[in-house]
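If you read the sequence shown in the working numbering, its first letter stands for residue 41, the second for the next number, and so on. By construction, the Cβ of each residue, glycine as well, lies at the ideal position given by its N, Cα and C atoms. Only a predicted model underlies this, so the values are computations on that prediction, with no experimental measurement involved. Have a look at the structure below before the remarks.
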Amino acid sequence: MRTCPRCGVPRILISEHRWLPNGTITLARDETHRMVLIDNDALNYTMDSIGERLGVPLEAIIQEAKRKSGKHFMDAVLSGAKGVVARNLISTRVYDQLGKQVSMLGLGSAEVSSYKRHCYLDGVITDAYSGPAITGDICGAFESVEGRAASASFVLADDGTVRCRIEADGGPRPESDDRSSYASPPMVGGRNIYELCPVCKAPVAVGRQYDFDDDRGIIVDTKTGHRVVLISVMTLTNLFGELTSELGGEVPRMMADTEKARVRDLIASKGKGLDTSEAGYLRYMKTLELKGMGNGSSVSVADGTVRARVDNPYYEPLIAGFLAGFYEATSGKEAAVEWTEGTAGYSEVTIQVA
Ligand SMILES: [Zn+2]
Numbered sequence: 041m042r043t044c045p046r047c048g049v050p051r052i053l054i055s056e057h058r059w060l061p062n063g064t065i066t067l068a069r070d071e072t073h074r075m076v077l078i079d080n081d082a083l084n085y086t087m088d089s090i091g092e093r094l095g096v097p098l099e100a101i102i103q104e105a106k107r108k109s110g111k112h113f114m115d116a117v118l119s120g121a122k123g124v125v126a127r128n129l130i131s132t133r134v135y136d137q138l139g140k141q142v143s144m145l146g147l148g149s150a151e152v153s154s155y156k157r158h159c160y161l162d163g164v165i166t167d168a169y170s171g172p173a174i175t176g177d178i179c180g181a182f183e184s185v186e187g188r189a190a191s192a193s194f195v196l197a198d199d200g201t202v203r204c205r206i207e208a209d210g211g212p213r214p215e216s217d218d219r220s221s222y223a224s225p226p227m228v229g230g231r232n233i234y235e236l237c238p239v240c241k242a243p244v245a246v247g248r249q250y251d252f253d254d255d256r257g258i259i260v261d262t263k264t265g266h267r268v269v270l271i272s273v274m275t276l277t278n279l280f281g282e283l284t285s286e287l288g289g290e291v292p293r294m295m296a297d298t299e300k301a302r303v304r305d306l307i308a309s310k311g312k313g314l315d316t317s318e319a320g321y322l323r324y325m326k327t328l329e330l331k332g333m334g335n336g337s338s339v340s341v342a343d344g345t346v347r348a349r350v351d352n353p354y355y356e357p358l359i360a361g362f363l364a365g366f367y368e369a370t371s372g373k374e375a376a377v378e379w380t381e382g383t384a385g386y387s388e389v390t391i392q393v394a
């Protein structure tokens, strides 16, 4: 059986990931490789908003950032003797395996329609989470498997189907092309305890909060009705870093503002009486840990100023926007938000009336 009959979570997802007590999700075989369950609608919306505000289409930057991380990921998977066999004898099977990964992570359903070793690969992806992102993912994997640089393009049909073509350029890609600036910050510990499914050992909350359609490659957050994807933190950080270096230092602030407005409207539309005491903020921050976004460890509320500490934040500006949106929705006032870099393993977010 592919999904757990008790909680409905795909077994492969649980065997390949760990929910740790410090508010992070990691790969089971590599605890340094961190993952996060992020709202895909929100992510695409944020990318579109930034592109619009700056008047630049971001597709090429997204595709290139994903190519790099896709290659990095596949290089790690195919390291050692196993990789030699995979690259030389069974490359088509590697792509089949990749297709399973794609649907497990909620990125869509991908199939190879045409392939010639060391030359090209045509792929068809239904329910793709993003055209440029999935094309970059596949291009990076192709470069890793075939051992040469490639170019990629895609067409997005009206029904949302992405058709991509990956073509080898010739020799290997210069090392400098793939240099990543990402250095994982130190982590601090935590004490989350998850109730586990007695059958598959997934946190019970995962099965409650998410619906998995393994055939289509779609994960839906049942609380918001939005689609989510399981994506590596390194990939996100590199993508956001790339956007910042290409478009300017105001990008993190723009992302925080976009997230703030989105969260504010989402909370306001539900219109429930929300608890804005310290306990209320702590409960609100509790929603971060299941997604692997970090641990809200402390908060103080005094004279209209909220100071919150989030341990192991997946990306500080989006954490700041998440908190400031709650502040705006509950106070009805515009918030000014500041945050510190999580270089010591945590970020401190300060919010007050603008
Ligand atoms: Zn289960």
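Helix, strand or coil at residue i according to DSSP, with G and I counted as helix
i	result
D357	With the sequence shown as reference, residue 357 is identified as Pro, and Asp is not the correct amino acid for it. In this structure, P357 counts as helix in the three-state DSSP scheme.
V96	coil
I307	helix
A192	strand
Y321	helix
H112	helix
G171	helix
M87	helix
L60	coil
N335	strand
A364	helix
C47	coil
G247	helix
E381	coil
A348	strand
V291	helix
C179	helix
E235	coil
T316	coil
S143	helix
L118	coil
G123	helix
E282	helix
R267	strand
A424	Since the first residue shown for the chain is 41 and the last is 394, residue 424 is missing from the structure and cannot be characterised.
Residue i CB to nearest heavy atom of ligand 1 below 7 Å
i	result
A242	yes
G163	no
V49	yes
R46	yes
C237	yes
G336	no
G176	no
G247	yes
Other residues of its chain near residue i: CB distance less than 7 Å, five sequence neighbours each side excluded
i	result
C159	A208
N62	M227, V228, G229, G230, N335, D351, N352
I258	G146, D167, R267
S317	V341
Y367	V346, A375, I391
A394	E374, A375, A376
T380	S387, E388
Residues near residue i in its chain [Cβ-Cβ closer than 6 Å; skip 5 each side]
i	result
R58	T66, A68
A173	I102, K106
R349	S337, S338, Y386, E388
D251	V260, T262
L314	T370
F194	G171, T175, V202, C204
F182	L161, A190, I206
N232	P61, E329
Residue from the options with nearest C-alpha to residue i
i	options	result
G361	S154, V389, L53	V389
Y155	G171, I359, Q249, T132	T132
A376	P238, R203, A364	A364
G139	G123, M114, V350	M114
T383	P226, P292, R248, D297	P226
C204	I90, A223, V96, A150	A150
G148	G289, S170, G187	S170
S309	T264, D343, V195	T264
A189	V164, G200, E215, C237	E215
G187	K300, L236, R213, V202	R213
K373	G247, S285, K300	K300
R248	D254, E235, G289	E235
A116	A197, T72, R157, R302	T72
Cβ neighbours of residue i in the same chain (closer than 8 Å, five flanking residues each side left out)
i	result
S55	A68
L395	Residue 395 falls outside the range modelled here, since the chain spans only 41 to 394, and no answer is possible.
I90	L98, L283, L287, V291, M294, M295, T298
L118	A126, R127, V134, S184, V185
G180	K106, R107, K108, S109, G110, K111, H112, F113, M114
R51	M41, R42, T43, C44, C240
Residue i beta carbon near ligand 3 (any heavy atom closer than 7 Å)
i	result
T327	For the structure depicted, ligand 3 is absent and the ligand set comprises only ligand 1.
Assess contact between the region 258 to 274 and the region 74 to 86, defined as three or more Cβ pairs (one per stretch) separated by less than 8 Å. Is contact present?
Yes, they touch.
Pair every Cβ in the region 237 to 248 with every Cβ in the region 47 to 64, then say whether three or more of these pairs are closer than 8 Å.
The way I'd put it, the region 237 to 248 does touch the region 47 to 64; three or more beta-carbon pairs between them come closer than 8 Å.
Counting pairs of beta carbons, one from the region 314 to 333 and one from the region 276 to 283, are three or more of them closer than 8 Å?
Output reads no: the region 276 to 283 does not touch the region 314 to 333.
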